[in-house]
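Worksheet for the structure shown next.
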Amino acid sequence: QKEVEQDPGPLSVPEGAIVSLNCTYSNSAFQYFMWYRQYSRKGPELLMYTYSSGNKEDGRFTAQVDKSSKYISLFIRDSQPSDSATYLCAMRPSGGYQKVTFGTGTKLQVIP
Amino acid sequence: ETGVTQSPTHLIKTRGQQVTLRCSSQSGHNTVSWYQQALGQGPQFIFQYYREEENGRGNFPPRFSGLQFPNYSSELNVNALELDDSALYLCASTLAGGAYEQYFGPGTRLTVT
Numbered sequence: 001q002k003e004v005e006q007d008p009g010p011l012s013v014p015e016g017a018i019v020s021l022n023c024t025y026s027n028s029a030f031q032y033f034m035w036y037r038q039y040s041r042k043g044p045e046l047l048m049y050t051y052s053s054g055n056k057e058d059g060r061f062t063a064q065v066d067k068s069s070k071y072i073s074l075f076i077r078d079s080q081p082s083d084s085a086t087y088l089c090a091m092r093p094s095g096g097y098q099k100v101t102f103g104t105g106t107k108l109q110v111i112p
Numbered sequence: 001e002t003g004v005t006q007s008p009t010h011l012i013k014t015r016g017q018q019v020t021l022r023c024s025s026q027s028g029h030n031t032v033s034w035y036q037q038a039l040g041q042g043p044q045f046i047f048q049y050y051r052e053e054e055n056g057r058g059n060f061p062p063r064f065s066g067l068q069f070p071n072y073s074s075e076l077n078v079n080a081l082e083l084d085d086s087a088l089y090l091c092a093s094t095l096a097g098g099a100y101e102q103y104f105g106p107g108t109r110l111t112v113t
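For the record, the sequence lines run as chains E and R. Numbered continuously in my numbering, the first sequence closes out at residue 112. Numbered continuously in my numbering, the second sequence closes out at residue 113.
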């Protein structure tokens with residue numbers, strides 16, 4: 001069983017839709033939770049991070065962490081064609097060196 | 001742009017050969033991590049260097065090695081290349097004291113034939 005599970009998609013939505021992306025994990029030591037966006041032929045770009053449980057909002061993006069269920073989510077409101085990319089969840093324990101464990105990524109396509 | 005550059009962009013090697021990939025970080029980024037990303041997969045942690053010393057390693061064999069230099073540049077060396085080493089190799093640097101903000105380069109795509 002992988003430490004981090006993520007539905008690879010692809011996920012296709014119409015422009016303006018609300019997108020929900022999710023990951024589950026098994027390692028209860030994970031404390032930092034991140035979402036990265038990766039365009040084709042580019043390196044991952046950090047979108048959001050949260051520490052421990054709770055919600056965080058940044059513009060059209062909202063990240064949620066439920067540590068009791070070992071479940072994290074990223075919501076994208078008013079999705080745009082420019083949001084079309086692969087979204088990677090990532091997480092790491094606190095302290096020590098910064099080994100980050102990534103999900104496989106969900107490919108999102110926003111159709112105009 | 002993240003300010004992290006990698007070279008070369010693409011590379012084709014033959015099984016059994018050796019390869020060196022390079023990464024240049026921003027000034028003040030004293031931690032660099034290397035990742036392997038196979039097609040359709042998320043990045044897999046190879047190792048991390050802090051102040052020119054390896055301080056963490058993922059499940060990769062010793063033929064994967066690295067160096068970090070005082071000028072914020074680093075190298076990933078892979079010996080005895082295997083077909084399964086074909087992947088996108090990413091380096092990510094972190095500002096001193098940063099806990100989560102890893103800035104990724106665009107990657108080097110390695111093809112082993």
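By construction, the Cβ of each residue, glycine as well, lies at the ideal position given by its N, Cα and C atoms.
- Of all alpha-carbon atoms in R:D85, R:P106, R:Y50, the one lying nearest the alpha-carbon of S7 of chain R is that of R:P106.
- Between L46 of chain E and chain R, the shortest Cβ-Cβ separation is below 8 Å.
- In this model, G58 of chain R and D7 of chain E are separated by some 23 Å (Cα to Cα).
- In the three-state reduction of the DSSP assignment, D66 of chain E falls in the strand class.
- Excluding the 5 residues flanking it on each side, D85 of chain R has same chain C-beta neighbours closer than 7 Å at V78, L110, V112, in chain order.
- The alpha carbon of S93 of chain R has as its nearest neighbour, out of R:N30, R:G16, R:T9, R:Q18, the alpha carbon of R:N30.
- Chain R places no beta carbon closer than 8 Å to that of K67 of chain E, leaving this residue out of the contacts.
- Using a Cβ distance threshold of 8 Å, K13 of chain R and V4 of chain R do not count as a contacting pair.
- For the 8 Å CB-CB criterion, R77 of chain E and R92 of chain E do not form a contact.
- Taking CB atoms only, F75 of chain E has no neighbour in chain R less than 8 Å away.
- When secondary structure is reduced to three states using DSSP, S93 of chain R falls in the strand class.
- No Cβ of chain E is located within less than 8 Å of the beta carbon of G66 of chain R.
- At a cut-off of 8 Å, the C-beta of L90 of chain R has a neighbouring C-beta in chain E.
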